[in-house]
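*Asks:* Would you mind keeping the following structure in view while I ask a few things?
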Amino acid sequence: MRLELTERLRCPVPHAPTPLIVVASETRDRDLVRGVAGCPVCRLEVPIREGHVRFDLAAAERDAPAAMPPVIPRDAPPDVERTIALLGLDTPEGAVLLTGIYASIAGPLAAATGVVAVVLSATPADAVAGASATAPVSAVTGALAALPFTDGTFRGAALDAALPMALVADAPRTVAVRGRLLAAVAVPPPAGLRELARDDREWVAAREAVPTVVGLTRRT
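Given below as structure tokens:
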């Protein structure tokens, strides 16, 4: 996983939002290869192996209520060029979150755009197809109660129809303002989005800005 992305990891356990503290044991260029991420609040420890964040190996993983959808070829894989266009990945920067069946195009998408692909899936094997030094793909694996990233981490996210609703609802906050979310048409759009387009397969929406409340003080 890219070092800058490890700085955006957040504990998914239900308590006050808390960044995970990452201790690296092996790095390679801009990537963290092996290490551990820990929460100072609940003491969750998550191994990082071969660049993948392994919540499935964490001691507290058995307590999480949700489950990651495996990459199952229920239908034809998503079209890479269509996915790139709908997510607005027109510059080689930042990262994108891909879940479920969208993980099957992570390698080609990363190679075509220069955008780092992060796969949310059942096993790290789902993330390695097509990955290379020029097409970086990392996986976050295991059952999760919430997405383990801080607000605004990703340029965009693609949501599989099998993704648990708790994670669908949590997805908008992990995407930058005006970033795009793409989902199977069966996925109900969560709050905080402005729908841009829809057909019989997918919808795409942009994350709206969160209004800032400014307190007013009366002068006397």
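So the sequence shown is numbered by my numbering: it starts at -2 and just counts up by one. Backbone N, C-alpha and C define an ideal beta-carbon position, used for all residues, glycine too.
1) When the Cβ atoms of the segment 87 to 100 are set against those of the segment 151 to 162, are three or more pairs found closer than 8 angstroms?
2) Is the distance from the Cβ of L29 to the Cβ of T3 below 8 angstroms?
3) Any idea if L0 is buried or exposed, counting beta-carbon neighbours within 10 angstroms, 16 or more meaning buried?
4) Sorted by chain position, which residues of the same chain lie with C-beta nearer than 7 angstroms to R59's C-beta, five sequence neighbours on each side aside?
5) Tell me the residue span of the beta strand (DSSP E) that contains L164.
6) Nearest-angstrom Cα distance between H12 and V38?
7) Within 10 Å of its beta-carbon, does M(-2) have 16 or more other beta-carbons around it, so buried, or fewer, so exposed?
8) Would you give the residue range spanned by the alpha helix (DSSP H) that I45 belongs to?
9) Let me know the secondary structure DSSP gives L17 once reduced to three states.
10) Rounded to a whole number of angstroms, what is the C-alpha to C-alpha distance between V199 and V115?
11) Over what stretch of residues does the alpha helix (DSSP H) that includes E1 continue unbroken?
12) Using the Cα positions of V137 and P145, report the straight-line distance between them to the nearest angstrom.
13) Return the CA-CA distance between L86 and L190, expressed in angstroms with no decimal places.
14) Straight-line CA distance for G111 to P14?
15) From F52 to L141, what does the alpha carbon distance come to, in whole angstroms?
16) Do you know offhand how far L193's Cα is from T150's?
17) Take the Cβ of V50 as the centre, count every other Cβ of all protein chains shown within 10 Å, and call the residue buried at 16 or more, exposed below.
18) Let me know the secondary structure DSSP gives A142 once reduced to three states.
19) Rounded to the nearest angstrom, how far is the Cβ of R204 from that of V172, given a contact under 8 angstroms?
20) Expressed to the nearest angstrom, what Euclidean distance is found between the alpha-carbon atoms of G176 and R31?
21) What's the call for D167, buried or exposed, on a 16-neighbour Cβ count within 10 Å?
*Replies:* Answer, in terms of the structure:
1) Contact between the segment 87 to 100 and the segment 151 to 162 is present, because at least three Cβ pairs lie under 8 angstroms.
2) Taking 8 angstroms as the Cβ cut-off, L29 and T3 qualify as a contacting pair.
3) Exposed, because fewer than 16 other Cβ atoms sit within 10 Å of the Cβ of L0.
4) Its pLDDT being 42, under 50, R59 is placed unreliably in this model, and the coordinates cannot settle the point.
5) Note, L164: premise wrong, no beta strand (DSSP E); alpha helix (DSSP H) at 162 to 167.
6) Each residue's alpha carbon lies about 8 angstroms from the other.
7) Buried is the call here.
8) Unbroken run through I45 is the beta strand (DSSP E), 42 to 46; no alpha helix (DSSP H).
9) In the structure shown, the three-state DSSP call for L17 is coil.
10) Note that residue 199 is Glu in the sequence shown, not Val. Those two C-alpha atoms are separated by around 20 angstroms.
11) Following the DSSP letters along the chain, one finds E1 inside the alpha helix (DSSP H) bounded by residues 0 to 3.
12) Their backbone Cα atoms lie some 9 angstroms apart in a straight line.
13) Approximately 18 angstroms, taken between the alpha carbons.
14) Distance from the CA atom of G111 to the CA atom of P14, rounded to whole angstroms, is 30 angstroms.
15) Each residue's alpha carbon lies about 8 angstroms from the other.
16) Cα to Cα, the separation comes out at about 21 angstroms.
17) Buried is the label assigned to V50, since at least 16 other Cβ atoms lie within 10 Å of its Cβ.
18) Coil, per DSSP.
19) With a beta-carbon spacing of about 5 angstroms, R204 and V172 fall inside the 8 angstroms limit used to define contacts.
20) Answer to the nearest angstrom: the Cα atoms are 30 angstroms apart.
21) With 16 or more other Cβ atoms within 10 Å, it is buried.
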